[in-house]
Amino acid sequence: MTSYYDDLETRSADARAAGLASSLPQQIAHAQGLPGYAAALDGIDASAVCDLASLATLPVLRKSALTSAQSGDAPFGGYAAKPAHGFAHVFQSPGPIYEPGGGGHDWWRLGRFLHACGIGQGDIVQNCFGYHLTPAGMIFENGARAVGASVLPAGTGQTELQARAAHDVAVTAYAGTPDYLKLIVEKAEALGLSLKIAKAAVSGGALFPSLRGWYADRGIACRQCYATADLGMIAYESPAMEGMIVDEQVIVEIVTPGTGDPVAPGEVGEVVVTTLNPDYPLIRFATGDLSAVLPGESSCGRTNLRIKGWMGRADQTAKIKGMFVRPEQVAALVARHAEIDRARVIASRDGEMDVMTVRIETASDDPAPYAASIAELLKLKGIVELVKPGALPRDGVVIEDTRVYD
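Numbered per my numbering, the sequence shown spans residues 68 to 473.
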(Lines of atoms letter the chains of each structure in order from A; the text may use other names.)
(Lines give C-alpha, C1' and ligand atoms only; values in the text may rest on other atoms or scores of the structure.)
Protein backbone atom coordinates (compact mmCIF):
# COMPACT_ATOMS: atom_id res chain seq x y z
CA MET A 68 0.00 0.00 0.00
CA THR A 69 1.33 3.43 -0.99
CA SER A 70 2.25 5.72 1.87
CA TYR A 71 1.76 9.45 1.29
CA TYR A 72 3.47 12.35 3.00
CA ASP A 73 0.11 14.07 3.61
CA ASP A 74 -3.41 14.33 2.20
CA LEU A 75 -2.43 17.15 -0.17
CA GLU A 76 -0.82 14.66 -2.53
CA THR A 77 -4.09 12.89 -3.38
CA ARG A 78 -6.48 15.84 -3.65
CA SER A 79 -9.14 15.89 -6.34
CA ALA A 80 -8.87 18.43 -9.15
CA ASP A 81 -11.69 20.46 -7.57
CA ALA A 82 -10.04 20.47 -4.15
CA ARG A 83 -6.72 21.48 -5.69
CA ALA A 84 -8.34 24.34 -7.61
CA ALA A 85 -10.13 25.52 -4.45
CA GLY A 86 -6.86 25.49 -2.54
CA LEU A 87 -5.19 27.54 -5.25
CA ALA A 88 -8.06 30.03 -5.31
CA SER A 89 -7.55 30.58 -1.59
CA SER A 90 -3.75 30.57 -1.25
CA LEU A 91 -2.67 32.35 -4.44
CA PRO A 92 -4.45 35.68 -3.85
CA GLN A 93 -3.06 35.74 -0.31
CA GLN A 94 0.48 35.23 -1.60
CA ILE A 95 0.10 37.93 -4.28
CA ALA A 96 -1.21 40.40 -1.70
CA HIS A 97 1.65 39.46 0.61
CA ALA A 98 4.22 40.01 -2.15
CA GLN A 99 2.74 43.42 -2.98
CA GLY A 100 3.85 44.63 0.43
CA LEU A 101 7.51 43.89 -0.31
CA PRO A 102 9.82 46.51 -1.89
CA GLY A 103 10.99 44.15 -4.64
CA TYR A 104 7.50 43.89 -6.07
CA ALA A 105 6.55 47.58 -5.71
CA ALA A 106 6.67 48.23 -9.45
CA ALA A 107 5.90 44.82 -10.94
CA LEU A 108 2.70 44.19 -8.96
CA ASP A 109 1.55 47.79 -8.61
CA GLY A 110 -2.16 48.14 -9.35
CA ILE A 111 -2.79 44.39 -9.47
CA ASP A 112 -6.01 43.23 -7.82
CA ALA A 113 -4.64 40.35 -5.77
CA SER A 114 -8.09 38.90 -5.15
CA ALA A 115 -8.51 38.39 -8.91
CA VAL A 116 -5.32 36.31 -9.23
CA CYS A 117 -6.87 33.02 -8.23
CA ASP A 118 -5.98 30.51 -10.98
CA LEU A 119 -3.35 29.73 -13.61
CA ALA A 120 -4.98 31.90 -16.26
CA SER A 121 -4.95 35.02 -14.11
CA LEU A 122 -1.47 34.24 -12.78
CA ALA A 123 -0.18 34.16 -16.38
CA THR A 124 -1.07 37.85 -16.77
CA LEU A 125 1.56 38.88 -14.21
CA PRO A 126 5.15 39.73 -15.22
CA VAL A 127 7.90 37.14 -15.03
CA LEU A 128 10.65 37.62 -12.44
CA ARG A 129 14.12 36.69 -13.69
CA LYS A 130 17.16 35.85 -11.60
CA SER A 131 18.99 38.80 -13.15
CA ALA A 132 16.45 41.08 -11.45
CA LEU A 133 17.21 39.47 -8.08
CA THR A 134 20.93 39.86 -8.63
CA SER A 135 20.76 43.52 -9.65
CA ALA A 136 18.47 44.36 -6.71
CA GLN A 137 20.69 42.77 -4.07
CA SER A 138 23.03 44.93 -2.04
CA GLY A 139 24.70 45.02 1.36
CA ASP A 140 21.69 46.77 2.84
CA ALA A 141 19.20 44.43 1.14
CA PRO A 142 20.93 41.10 0.41
CA PHE A 143 17.67 39.56 -0.81
CA GLY A 144 16.77 42.52 -3.02
CA GLY A 145 13.53 43.36 -1.23
CA TYR A 146 11.91 40.06 -2.18
CA ALA A 147 12.08 38.40 1.25
CA ALA A 148 9.54 39.03 3.99
CA LYS A 149 12.18 39.27 6.72
CA PRO A 150 15.60 40.92 7.04
CA ALA A 151 18.68 38.74 6.66
CA HIS A 152 19.09 38.41 10.44
CA GLY A 153 15.54 37.06 10.66
CA PHE A 154 16.47 33.84 8.83
CA ALA A 155 18.31 30.81 10.18
CA HIS A 156 20.78 30.91 7.29
CA VAL A 157 22.04 33.18 4.55
CA PHE A 158 23.58 31.43 1.53
CA GLN A 159 25.74 32.61 -1.33
CA SER A 160 25.41 30.91 -4.69
CA PRO A 161 27.56 31.59 -7.77
CA GLY A 162 26.92 35.02 -9.25
CA PRO A 163 27.10 35.91 -6.44
CA ILE A 164 23.46 35.80 -5.42
CA TYR A 165 22.20 35.47 -1.86
CA GLU A 166 19.33 33.26 -0.74
CA PRO A 167 17.61 32.96 2.64
CA GLY A 168 17.18 29.69 4.49
CA GLY A 169 14.70 28.88 7.21
CA GLY A 170 15.12 26.43 10.06
CA GLY A 171 11.44 25.55 10.37
CA HIS A 172 9.85 22.20 9.67
CA ASP A 173 10.47 21.14 6.04
CA TRP A 174 11.18 24.75 5.03
CA TRP A 175 12.43 23.73 1.56
CA ARG A 176 9.83 20.92 1.32
CA LEU A 177 12.33 18.13 0.63
CA GLY A 178 10.58 15.92 3.18
CA ARG A 179 7.94 15.07 0.61
CA PHE A 180 10.58 13.78 -1.79
CA LEU A 181 12.50 11.83 0.85
CA HIS A 182 9.27 10.21 2.02
CA ALA A 183 8.56 9.16 -1.57
CA CYS A 184 12.06 7.60 -1.59
CA GLY A 185 11.10 5.53 1.45
CA ILE A 186 13.45 7.45 3.74
CA GLY A 187 12.28 8.08 7.31
CA GLN A 188 12.72 7.07 10.92
CA GLY A 189 15.40 4.43 11.34
CA ASP A 190 17.41 5.65 8.36
CA ILE A 191 20.81 7.33 8.47
CA VAL A 192 21.30 9.59 5.46
CA GLN A 193 24.83 10.26 4.22
CA ASN A 194 24.37 13.82 2.97
CA CYS A 195 27.02 14.44 0.33
CA PHE A 196 25.77 17.85 -0.75
CA GLY A 197 27.93 20.85 0.10
CA TYR A 198 27.34 22.71 3.37
CA HIS A 199 29.60 25.72 2.78
CA LEU A 200 28.02 28.93 1.44
CA THR A 201 25.67 27.12 -0.97
CA PRO A 202 22.40 25.70 0.43
CA ALA A 203 22.09 22.17 -1.00
CA GLY A 204 23.48 20.42 2.09
CA MET A 205 21.18 22.25 4.44
CA ILE A 206 18.21 21.81 2.10
CA PHE A 207 18.51 18.02 2.24
CA GLU A 208 19.32 17.99 5.95
CA ASN A 209 16.17 20.00 6.67
CA GLY A 210 14.17 17.48 4.64
CA ALA A 211 15.74 14.53 6.46
CA ARG A 212 14.78 16.04 9.79
CA ALA A 213 11.22 16.45 8.54
CA VAL A 214 10.90 12.69 7.96
CA GLY A 215 12.70 11.71 11.16
CA ALA A 216 15.91 10.40 9.59
CA SER A 217 19.37 10.89 11.08
CA VAL A 218 22.05 12.65 9.04
CA LEU A 219 25.76 12.05 8.51
CA PRO A 220 26.81 15.52 7.22
CA ALA A 221 29.47 14.23 4.87
CA GLY A 222 29.68 17.06 2.37
CA THR A 223 31.81 16.60 -0.73
CA GLY A 224 35.16 14.93 -1.42
CA GLN A 225 37.39 12.53 0.56
CA THR A 226 35.86 9.44 -1.02
CA GLU A 227 37.79 6.91 1.06
CA LEU A 228 36.67 8.55 4.31
CA GLN A 229 33.12 8.66 2.95
CA ALA A 230 33.19 4.93 2.18
CA ARG A 231 34.58 4.08 5.63
CA ALA A 232 32.02 6.28 7.36
CA ALA A 233 29.17 4.71 5.39
CA HIS A 234 30.39 1.27 6.51
CA ASP A 235 31.17 2.16 10.13
CA VAL A 236 27.93 4.05 10.78
CA ALA A 237 25.78 1.60 8.80
CA VAL A 238 24.39 4.33 6.57
CA THR A 239 21.14 3.26 4.87
CA ALA A 240 20.49 6.17 2.50
CA TYR A 241 22.45 8.59 0.34
CA ALA A 242 21.74 12.19 -0.63
CA GLY A 243 23.90 13.92 -3.22
CA THR A 244 24.61 14.24 -6.92
CA PRO A 245 23.72 11.19 -9.02
CA ASP A 246 27.26 10.13 -9.87
CA TYR A 247 29.11 10.59 -6.56
CA LEU A 248 27.46 7.61 -4.87
CA LYS A 249 29.00 5.39 -7.54
CA LEU A 250 32.47 6.55 -6.48
CA ILE A 251 31.68 5.77 -2.83
CA VAL A 252 30.35 2.30 -3.67
CA GLU A 253 33.35 1.52 -5.89
CA LYS A 254 35.78 2.72 -3.21
CA ALA A 255 34.02 0.57 -0.60
CA GLU A 256 34.24 -2.45 -2.90
CA ALA A 257 37.94 -1.79 -3.45
CA LEU A 258 38.51 -1.60 0.31
CA GLY A 259 36.44 -4.70 1.03
CA LEU A 260 33.84 -2.72 3.00
CA SER A 261 30.21 -3.78 3.00
CA LEU A 262 27.58 -1.04 2.73
CA LYS A 263 23.92 -1.01 3.74
CA ILE A 264 22.87 1.87 1.45
CA ALA A 265 19.59 0.85 -0.16
CA LYS A 266 18.04 4.25 -0.98
CA ALA A 267 19.42 7.24 -2.86
CA ALA A 268 17.86 10.71 -3.18
CA VAL A 269 19.72 12.64 -5.84
CA SER A 270 19.65 16.01 -7.55
CA GLY A 271 21.97 18.57 -9.13
CA GLY A 272 22.93 16.50 -12.18
CA ALA A 273 21.72 14.10 -14.82
CA LEU A 274 20.61 10.65 -13.65
CA PHE A 275 21.17 8.53 -16.72
CA PRO A 276 19.22 5.26 -17.08
CA SER A 277 22.48 3.29 -17.19
CA LEU A 278 23.57 4.78 -13.84
CA ARG A 279 20.16 4.13 -12.29
CA GLY A 280 20.48 0.55 -13.50
CA TRP A 281 23.99 0.27 -12.02
CA TYR A 282 22.56 1.21 -8.63
CA ALA A 283 19.60 -1.12 -9.01
CA ASP A 284 21.98 -4.03 -9.71
CA ARG A 285 23.47 -3.34 -6.27
CA GLY A 286 20.13 -3.13 -4.50
CA ILE A 287 19.97 0.68 -4.36
CA ALA A 288 16.71 2.39 -5.36
CA CYS A 289 17.76 5.75 -6.81
CA ARG A 290 15.26 8.58 -7.37
CA GLN A 291 15.72 12.21 -8.24
CA CYS A 292 14.14 15.56 -7.55
CA TYR A 293 14.25 18.97 -9.22
CA ALA A 294 15.09 21.70 -6.73
CA THR A 295 16.80 25.10 -6.75
CA ALA A 296 18.43 27.29 -4.13
CA ASP A 297 15.79 29.98 -4.60
CA LEU A 298 12.65 27.88 -4.66
CA GLY A 299 13.41 24.70 -2.75
CA MET A 300 11.82 21.60 -4.23
CA ILE A 301 9.88 22.03 -7.45
CA ALA A 302 9.14 18.41 -8.47
CA TYR A 303 10.15 14.88 -7.56
CA GLU A 304 10.03 11.26 -8.65
CA SER A 305 7.70 8.85 -6.91
CA PRO A 306 8.07 5.06 -6.89
CA ALA A 307 6.14 5.01 -10.19
CA MET A 308 9.02 6.93 -11.86
CA GLU A 309 6.65 8.40 -14.46
CA GLY A 310 8.09 11.87 -14.84
CA MET A 311 8.26 14.25 -11.86
CA ILE A 312 5.32 15.26 -9.68
CA VAL A 313 5.09 18.96 -8.85
CA ASP A 314 5.38 19.84 -5.17
CA GLU A 315 2.21 20.89 -3.35
CA GLN A 316 3.51 24.33 -2.32
CA VAL A 317 4.59 25.63 -5.71
CA ILE A 318 2.74 26.49 -8.91
CA VAL A 319 4.51 25.52 -12.12
CA GLU A 320 3.92 27.03 -15.55
CA ILE A 321 5.67 26.13 -18.81
CA VAL A 322 6.13 29.20 -21.01
CA THR A 323 7.78 30.15 -24.29
CA PRO A 324 11.40 31.08 -23.45
CA GLY A 325 11.90 34.82 -23.19
CA THR A 326 8.21 35.45 -22.48
CA GLY A 327 5.61 34.73 -19.84
CA ASP A 328 3.23 33.14 -22.32
CA PRO A 329 2.17 29.56 -21.50
CA VAL A 330 2.86 26.97 -24.20
CA ALA A 331 0.31 24.42 -25.38
CA PRO A 332 0.00 21.32 -23.17
CA GLY A 333 2.86 18.92 -23.81
CA GLU A 334 5.12 21.45 -25.54
CA VAL A 335 8.62 22.13 -24.24
CA GLY A 336 9.15 25.53 -22.65
CA GLU A 337 10.75 27.39 -19.76
CA VAL A 338 9.80 26.42 -16.21
CA VAL A 339 8.29 29.37 -14.33
CA VAL A 340 7.51 28.82 -10.65
CA THR A 341 5.41 30.65 -8.07
CA THR A 342 6.16 29.60 -4.52
CA LEU A 343 3.66 29.75 -1.69
CA ASN A 344 6.45 30.18 0.90
CA PRO A 345 5.44 33.32 2.87
CA ASP A 346 9.04 33.98 3.93
CA TYR A 347 10.31 34.27 0.35
CA PRO A 348 7.34 34.70 -2.01
CA LEU A 349 8.81 34.43 -5.48
CA ILE A 350 6.08 35.17 -8.05
CA ARG A 351 6.44 33.73 -11.57
CA PHE A 352 10.15 33.14 -11.07
CA ALA A 353 11.84 32.07 -14.31
CA THR A 354 14.20 29.18 -13.61
CA GLY A 355 15.93 29.20 -16.99
CA ASP A 356 15.25 25.45 -17.26
CA LEU A 357 13.27 23.66 -19.96
CA SER A 358 10.61 21.02 -19.33
CA ALA A 359 7.16 19.94 -20.50
CA VAL A 360 3.91 18.84 -18.87
CA LEU A 361 2.99 15.16 -18.95
CA PRO A 362 -0.69 14.27 -19.42
CA GLY A 363 -2.73 12.50 -16.78
CA GLU A 364 -1.83 11.50 -13.24
CA SER A 365 0.83 9.25 -11.80
CA SER A 366 -0.06 5.61 -11.25
CA CYS A 367 1.26 5.97 -7.68
CA GLY A 368 -1.95 7.83 -6.76
CA ARG A 369 -0.46 11.32 -6.43
CA THR A 370 -2.69 13.67 -8.38
CA ASN A 371 -0.67 16.83 -8.93
CA LEU A 372 0.70 18.02 -12.26
CA ARG A 373 3.62 16.06 -13.68
CA ILE A 374 6.53 17.36 -15.73
CA LYS A 375 9.17 15.50 -17.71
CA GLY A 376 11.99 16.78 -15.56
CA TRP A 377 14.98 18.84 -16.64
CA MET A 378 15.27 19.06 -20.45
CA GLY A 379 17.98 21.68 -20.92
CA ARG A 380 18.43 25.41 -20.47
CA ALA A 381 15.98 28.03 -21.70
CA ASP A 382 18.65 30.72 -21.59
CA GLN A 383 19.80 30.16 -25.16
CA THR A 384 21.63 33.45 -25.53
CA ALA A 385 24.14 33.25 -28.40
CA LYS A 386 26.82 35.64 -29.59
CA ILE A 387 26.51 36.12 -33.35
CA LYS A 388 28.82 38.45 -35.28
CA GLY A 389 29.98 39.85 -31.96
CA MET A 390 26.44 40.67 -30.75
CA PHE A 391 24.39 38.84 -28.12
CA VAL A 392 21.01 37.57 -29.33
CA ARG A 393 18.59 36.67 -26.54
CA PRO A 394 15.25 34.80 -26.43
CA GLU A 395 13.55 38.03 -25.27
CA GLN A 396 14.51 39.69 -28.57
CA VAL A 397 13.03 36.82 -30.57
CA ALA A 398 9.85 37.09 -28.47
CA ALA A 399 9.70 40.83 -29.27
CA LEU A 400 9.88 40.01 -33.00
CA VAL A 401 6.94 37.61 -32.71
CA ALA A 402 4.96 40.12 -30.67
CA ARG A 403 5.47 42.89 -33.23
CA HIS A 404 3.83 40.96 -36.08
CA ALA A 405 0.43 39.47 -35.28
CA GLU A 406 0.64 37.04 -38.18
CA ILE A 407 3.78 35.33 -36.83
CA ASP A 408 3.08 32.15 -34.88
CA ARG A 409 6.66 31.67 -33.67
CA ALA A 410 10.26 32.24 -34.76
CA ARG A 411 13.59 30.49 -34.41
CA VAL A 412 17.08 31.95 -34.80
CA ILE A 413 19.76 29.63 -36.17
CA ALA A 414 23.43 30.55 -35.75
CA SER A 415 25.72 28.85 -38.27
CA ARG A 416 29.01 29.46 -40.04
CA ASP A 417 29.98 30.01 -43.66
CA GLY A 418 33.73 29.53 -43.74
CA GLU A 419 35.02 31.84 -41.02
CA MET A 420 31.91 34.02 -40.93
CA ASP A 421 28.90 33.84 -38.61
CA VAL A 422 25.53 33.53 -40.31
CA MET A 423 22.18 34.28 -38.67
CA THR A 424 19.06 32.72 -40.15
CA VAL A 425 15.63 33.56 -38.77
CA ARG A 426 12.91 31.03 -39.54
CA ILE A 427 9.45 32.48 -39.15
CA GLU A 428 6.15 30.61 -39.00
CA THR A 429 3.66 32.69 -40.93
CA ALA A 430 1.11 32.49 -43.74
CA SER A 431 2.70 35.59 -45.28
CA ASP A 432 4.98 35.27 -48.30
CA ASP A 433 6.73 38.65 -48.01
CA PRO A 434 9.95 38.58 -45.92
CA ALA A 435 10.71 42.31 -46.28
CA PRO A 436 8.82 43.60 -43.19
CA TYR A 437 10.40 40.90 -41.05
CA ALA A 438 13.90 41.70 -42.25
CA ALA A 439 13.49 45.27 -41.09
CA SER A 440 12.18 44.21 -37.69
CA ILE A 441 15.01 41.69 -37.27
CA ALA A 442 17.61 44.36 -37.95
CA GLU A 443 15.95 46.69 -35.44
CA LEU A 444 15.17 44.23 -32.64
CA LEU A 445 18.06 41.74 -32.93
CA LYS A 446 20.55 44.46 -33.94
CA LEU A 447 21.78 42.23 -36.79
CA LYS A 448 20.87 41.54 -40.39
CA GLY A 449 20.06 37.94 -41.16
CA ILE A 450 18.62 35.54 -43.67
CA VAL A 451 14.83 35.34 -43.40
CA GLU A 452 13.17 32.00 -44.09
CA LEU A 453 9.38 31.86 -44.06
CA VAL A 454 7.85 28.49 -43.14
CA LYS A 455 4.26 27.36 -42.83
CA PRO A 456 2.51 27.52 -39.45
CA GLY A 457 3.33 24.40 -37.45
CA ALA A 458 6.59 23.72 -39.30
CA LEU A 459 8.96 24.58 -36.46
CA PRO A 460 9.63 21.91 -33.81
CA ARG A 461 7.84 22.37 -30.46
CA ASP A 462 11.00 21.66 -28.52
CA GLY A 463 11.44 24.91 -26.59
CA VAL A 464 14.40 26.00 -28.72
CA VAL A 465 14.27 29.66 -29.71
CA ILE A 466 17.95 30.16 -30.56
CA GLU A 467 19.73 27.17 -32.10
CA ASP A 468 23.52 27.36 -32.30
CA THR A 469 24.83 24.89 -34.88
CA ARG A 470 28.35 26.29 -35.07
CA VAL A 471 31.24 23.89 -34.53
CA TYR A 472 34.66 25.24 -33.61
CA ASP A 473 37.61 22.98 -34.40
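Ideal placement from N, C-alpha and C gives every residue a C-beta, glycine not left out.
Reference residue i; option with closest CA among the options
i, options, result
"M68", "P102, Q99, G185 and A105", "G185"
"A106", "A136, G86 and A268", "A136"
"A398", "L248, A88, V269 and T326", "T326"
"A430", "M423, A410 and K448", "A410"
"I301", "Q291, M308, V313 and A307", "V313"
"G259", "H234, A242 and S277", "H234"
"G271", "I321, F196 and P329", "F196"
"I441", "V392, D432, A221 and L119", "V392"
"D432", "P456, E227, G224 and G418", "P456"
"A381", "P362, D346 and G336", "G336"
"L357", "P306, K386 and T323", "T323"
"A84", "L108, A120 and G222", "A120"
"A155", "P167, R351 and P163", "P167"
"K446", "A435, R351 and G389", "G389"
Residue i versus residue j: straight-line alpha-carbon distance, rounded
i, j, result
"A96", "E395", "28 angstroms"
"G210", "A148", "22 angstroms"
"V465", "L262", "47 angstroms"
"A203", "A216", "17 angstroms"
"I374", "I450", "35 angstroms"
"G463", "G355", "11 angstroms"
"F143", "V338", "22 angstroms"
"G139", "G379", "33 angstroms"
"L311", "P332", "In the sequence on display, residue 311 carries Met and not Leu. Going by the C-alpha atoms only, they are around 16 angstroms apart."
"E428", "T124", "24 angstroms"
"V238", "G299", "25 angstroms"
"A257", "L250", "10 angstroms"
"I287", "L75", "28 angstroms"
Cβ-based neighbour list, residue i, same chain, cut-off 8 angstroms, excluding 5 preceding and 5 following
i, result
"P92", "A113, S114, A115, V116 and C117"
"Q188", "V214, G215 and A216"
"L444", "Q396, A399, L400 and R403"
Rounded Cβ spacing between residue i and residue j (contact assumed at less than 8 angstroms)
i, j, result
"R285", "V252", "6 angstroms"
"L484", "A268", "The structure shown does not extend to residue 484, since the chain is modelled only from 68 to 473, so the question has no answer here."
"P102", "G145", "3 angstroms"
"Y282", "A183", "Contact flag wrong, Cβ pair sits at about 17 angstroms."
"R369", "T77", "7 angstroms"
Identified DSSP bridge partners for residue i
i, result
"M390", "I387"
"V192", "V218 and A240"
"Q291", "V269"
"I350", "DSSP, once it has assigned bridges, lists no residue as partnering I350."
"V451", "V425"
"G197", "Answer is none; G197 lacks a bridge partner."
"V412", "V425 and I466"
Sequence-distant residues of the same chain with beta carbon closer than 6 angstroms to residue i, five excluded per side
i, result
"A240", "I186, D190, V192 and K266"
"R461", "E334"
"V422", "S415"
"Q159", "Y165 and L200"
"I318", "T341"
"P348", "Q94, H97 and A98"
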